[in-house]
Amino acid sequence: MANSHDVVPGVVFSTVDKVARWAQSSSLWPFAFGLACCAIEMMSTVAGRFDIARFGAEVFRASPRQADLMIVAGRVSMKMGPVIKRLYDQMPDPKWVIAMGACSSCGGVFNNYAIIQGVDKVIPVDVYVPGCPPNPDALLYAVTRLQEKIRSGEARPGHRILEPAAGMTAESGHTSPHILR
Numbered sequence: 001m002a003n004s005h006d007v008v009p010g011v012v013f014s015t016v017d018k019v020a021r022w023a024q025s026s027s028l029w030p031f032a033f034g035l036a037c038c039a040i041e042m043m044s045t046v047a048g049r050f051d052i053a054r055f056g057a058e059v060f061r062a063s064p065r066q067a068d069l070m071i072v073a074g075r076v077s078m079k080m081g082p083v084i085k086r087l088y089d090q091m092p093d094p095k096w097v098i099a100m101g102a103c104s105s106c107g108g109v110f111n112n113y114a115i116i117q118g119v120d121k122v123i124p125v126d127v128y129v130p131g132c133p134p135n136p137d138a139l140l141y142a143v144t145r146l147q148e149k150i151r152s153g154e155a156r157p158g159h160r161i162l163e164p165a166a167g168m169t170a171e172s173g174h175t176s177p178h179i180l181r
């Protein structure tokens, strides 16, 4: 009979947590949110030449309720910001976001009054993909980087809480994003 001193605390839970993170990272269900020219490059990743299915992201979902990864590709206008927030809120937990391209990462090359200067002003972003537009290889690298973050526990979606944004600019409480170099 084992007493309380023979049991190592957290061993079972840490092992289950590692298995759960491995399963989550190996079966991502992306929701494509293409807003501009980056969406064309994003569509190329499902073709035979690049084949995103090799990386565990089998099929792009048409509904946010069936996805756990949102890929925002292109510029985000002030009118589109609340729509993206609503779609993000409809995704089940755990959920992750990739900002694809210069426009979704930082607003693009022009500082326009109608464009939100980065989708991270609206929703938390886990991985940024630079480029205008980035090639499909860069998106595949971002998916693999996100998988590494999920496996290591670095991407903890349950711990990011956004407060209501005033004018779509103020936010707090989410982890610092990873920038691809």
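Position 156, counted from 1, in the sequence shown is what our numbering calls 156; the numbers after and before it change by one each time, with no gaps. Even for Gly, the Cβ is constructed at its ideal location relative to N, Cα and C.
Asked                                                                                                            : Found
Asp68 versus Asp93 - alpha carbon distance                                                                       : 7 Å
Span separating the alpha-carbon of Gly158 from that of Ala32                                                    : Residue placement at Gly158 is poorly supported in this model, since its pLDDT is 47, which falls under 50; the coordinates still yield a value, given next. About 21 Å.
Contact set for Val125: own chain, Cβ-Cβ below 7 Å, skip 5 residues either direction                             : Val97, Ala99, Val119 and Pro177
Spatial neighbours of Val46 in its chain, beta-carbon cut-off 6 Å, leaving aside the 5 residues before and after : Ile52
Residue span of the beta strand (DSSP E) that contains Ile98, given as start and end                             : Trp96 to Met100
Anticipated Cβ contact below 8 Å, Arg151 with Trp22, distance rounded                                            : 6 Å
Cβ pair Gly101, Pro64 closer than 8 Å                                                                            : no
With 16 other Cβ atoms within 10 Å as the buried cut-off, status of Lys18                                        : exposed
Beta-bridge partners of Met70, as assigned by DSSP                                                               : Phe31 and Val97
Sufficient close CB pairs (3 or more, under 8 Å) joining the segment 76 to 85 to the segment 110 to 118          : yes
Residue span of the beta strand (DSSP E) that contains Tyr141, given as start and end                            : First-last for Tyr141: Pro136 to Ser152, but that is the alpha helix (DSSP H), not the beta strand (DSSP E).
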